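>
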Amino acid sequence: MLGPVITFDDRNLRHGLPTRDEPMVISIVAAEYKIERVLVDQGSEQVLVKGVIEIETVFGESSGIRCISMLYIVVDIDASYNIILGRSTLNKLVMVVSTWHMCMKFLIG
4 MLGPVITFDD
14 RNLRHGLPTR
24 DEPMVISIVA
34 AEYKIERVLV
44 DQGSEQVLVK
54 GVIEIETVFG
64 ESSGIRCISM
74 LYIVVDIDAS
84 YNIILGRSTL
94 NKLVMVVSTW
104 HMCMKFLIG
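Numbering-wise, the sequence shown is residues 4 to 112 according to the numbering used here.
#1: Buried or exposed for Val28, please, with buried defined as at least 16 other CB atoms from any protein chain shown within 10 angstroms of its CB.
#2: For Ile68, count the other beta carbons within 10 Å of its own beta carbon; 16 or more makes it buried, fewer makes it exposed. Which is it?
#3: Where does Ser83 fall in DSSP's three states?
#4: Can you check DSSP and say which residues form a bridge with Val99?
#5: Reducing DSSP to helix, strand and coil, say where Ser66 ends up.
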C-alpha cells in the first residue's frame, strides 16, 4: 500500500542553487527554547555518552509543525553544533532530506 508522496522541486531551493556540499543546519524548539545550529546528520562517528534526557521537541514552522518526544544523548565534546539529529529522528518523523535543495520535509497531521 502506498502512502503520501514527498517531492522536491525548484520552488524548494531557498538560497538558489547549491554551490558546494554544505551540511544541513536547522533550528528547532526543545522544552520551549529555540535552539540554533542543529546539524541534520545521516551518519556520524561514535562518541562517549554522558547521559540522556527526553524532551518535547517542535519541528516545522507555522501550520506545518510536529511535536514529538525526543531522547537527547548528552556528550562532552567540542562541536560546532548544539544538537545533531540522527537517522532515528529522521525515521521517527518520516522525514526526507534533499541535500540538493538544502531542504527537508515530513508528514504532518
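Ideal placement from N, C-alpha and C gives every residue a C-beta, glycine not left out. Everything numeric in this text was worked out from a predicted model, so none of it was measured.
Taking the coordinates as given:
#1: As a working mapping, residue 28 is identified with position 25 in the sequence shown. Exposed.
#2: In the sequence shown, counting from the first residue as 1, residue 68 sits at position 65. With fewer than 16 other Cβ atoms within 10 Å, it is exposed.
#3: Position 80 of the sequence shown, counted from the first residue, corresponds to residue 83. DSSP places Ser83 in coil when its eight states are reduced to three.
#4: Residue mapping note: residue 99 aligns to position 96 of the sequence shown, counting from 1. Bridge partners of Val99: Lys108.
#5: Sequence index remark: in the sequence shown, residue 66 carries index 63 (1-based). Ser66: coil per DSSP, three-state reduction.
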